[in-house]
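Enquirer: Questions regarding the structure given below will be posed in turn.
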Amino acid sequence: GRVREEEEARSTIQAKGPEAVEELLRWMSSIVIQKHVRGFLARRWHRRVSAAVGTIQCCVRGWLVRRKVCPWAKEVRWHIQRRATRVRWQEHQARVRHTSRFTFGLLEVACFQDAELVSLRQRAREEERNFQISWEAWEKRAKAQALARGLPRNWVPQVDPVTNAVYFLNTRKGTLHRHHPNLLQVLEYARKVKPEMHQRLDERLEEIRRRMDAVCRGCANRQS
């Protein structure tokens, strides 16, 4: 068939002359161009279809693999988490055993500190209470002894007719006092002595406070 077509083409060229040659060349050129364009389109379509098919195959194969491997992967993750939990628990137990002695030491120090501080605070309160009780007892005893004695010379009692209050008049000086003259001496003596007694009490309380500070510092040094 090809030989026949070539012979027909030669006979046509010989019959028509140069015009037939130009027409034949244009016809052959159009055929070549169409061939290349159609080949380019076919190759492009093939590449796209191949890429799409590859993507679909990749997704499907991955899904199939995951469907088969997923139960096994879950079991592996469960074993890994269980092992990690066991390791963390062992580390926690080791830390507890390592710090238990130190913790018990801190608790012992804290308990000793609390007990010692409570004892010192109780001692300070007892000091203040004993001072107050002793001072009130001394005042009561001194006032009773002073009132047991009679009025000194040149002193007479006077009663206010409005309020019925008892006053004491010094006839020699002409002065009127609300307190018994013997109590005046007791009160004067108390005003002189009470600051000294308070100073002694403050010294004892200061000693207790120094002792409390020493206990706190000692416990802090042990903890550090």
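In terms of the numbering used here, the sequence shown opens at residue 1 and continues consecutively.
Here a beta-carbon is modelled for each residue, glycine too, at the ideal position from N, C-alpha and C.
Thinking E139 and A214 are a contact (beta carbons under 8 Å), I'd like their distance in whole angstroms, please.
Expert: Along the sequence shown, one-based indexing puts residue 139 at 139. Along the sequence shown, one-based indexing puts residue 214 at 214. Contact doesn't hold; Cβ gap of about 36 Å is too wide.
Enquirer: With a floor of 3 residues, list each beta strand (DSSP E) that falls wholly inside the region 133 to 199, ordered by position along the chain.
Expert: Counting only runs of 3 or more, we get 155 to 159, 166 to 170 and 175 to 177.
Enquirer: If we count the other Cβ atoms within 10 Å of its Cβ and call it buried at 16 or more, is F168 buried or exposed?
Expert: Numbered from its first residue, the sequence shown carries residue 168 at position 168. When all chains shown are included, F168 counts as buried.
Enquirer: So, does the region 150 to 160 touch the region 168 to 186, judging by three or more C-beta pairs under 8 Å?
Expert: Yes: at least three Cβ pairs fall under 8 Å.
Enquirer: Decide if the region 190 to 204 is in contact with the region 88 to 96; the criterion is three or more beta carbon pairs, one per stretch, under 8 Å apart.
Expert: As far as the Cβ criterion goes, the region 190 to 204 does not touch the region 88 to 96, which means the pair count is below three.
Enquirer: Please confirm if the region 141 to 152 is in contact with the region 112 to 131, defined as three or more CB-CB distances below 8 Å between the two stretches.
Expert: Segments in contact, no.
Enquirer: Do Q185 and A146 count as a contact pair if the criterion is CB distance below 8 Å?
Expert: Residue 146 sits at position 146 when you count from the first residue of the sequence shown. Residue 185 sits at position 185 when you count from the first residue of the sequence shown. Closer than 8 Å, so yes.
Enquirer: Have a look at L201, R211, A42 and I33 and flag the residue whose alpha-carbon is nearest the alpha-carbon of N130.
Expert: Walking along the sequence shown from the start, residue 130 turns up at place 130. Taking only the C-alpha atoms, the option nearest N130 is L201.
Enquirer: To the nearest angstrom, how far is the alpha carbon of I133 from that of H198?
Expert: Taking the first residue of the sequence shown as 1, we reach residue 133 at position 133. Taking the first residue of the sequence shown as 1, we reach residue 198 at position 198. Distance between the alpha carbons of I133 and H198: 13 Å.
Enquirer: Are the beta-carbon atoms of L187 and H177 separated by less than 8 Å?
Expert: Looking up residue 187 in the sequence shown gives position 187. Looking up residue 177 in the sequence shown gives position 177. Contact flag unset, no.
Enquirer: Quick one: is N182 buried, meaning 16 or more other Cβ sit within 10 Å of its Cβ, or exposed?
Expert: Taking the first residue of the sequence shown as position 1, residue 182 is located at position 182. The residue in question, N182, is buried, as its Cβ has 16 or more Cβ neighbours within 10 Å.
Enquirer: What does the alpha-carbon distance come out to for the pair A165 and R211?
Expert: Locating residue 165 in the sequence shown gives position 165, where the first residue counts as 1. Locating residue 211 in the sequence shown gives position 211, where the first residue counts as 1. Going from the Cα of A165 to the Cα of R211 covers about 51 Å.
Enquirer: To the nearest angstrom, how far is it from the Cα of S50 to the Cα of S30?
Expert: Residue mapping note: residue 50 aligns to position 50 of the sequence shown, counting from 1. Residue mapping note: residue 30 aligns to position 30 of the sequence shown, counting from 1. The straight-line gap from Cα to Cα measures roughly 30 Å.
Enquirer: If contacts are defined as beta-carbon pairs under 8 Å, then L120 and I208 qualify, I think. What distance do you get, rounded to the angstrom?
Expert: By one-based count along the sequence shown, residue 120 stands at place 120. By one-based count along the sequence shown, residue 208 stands at place 208. L120 to I208, Cβ: 5 Å. Contact.
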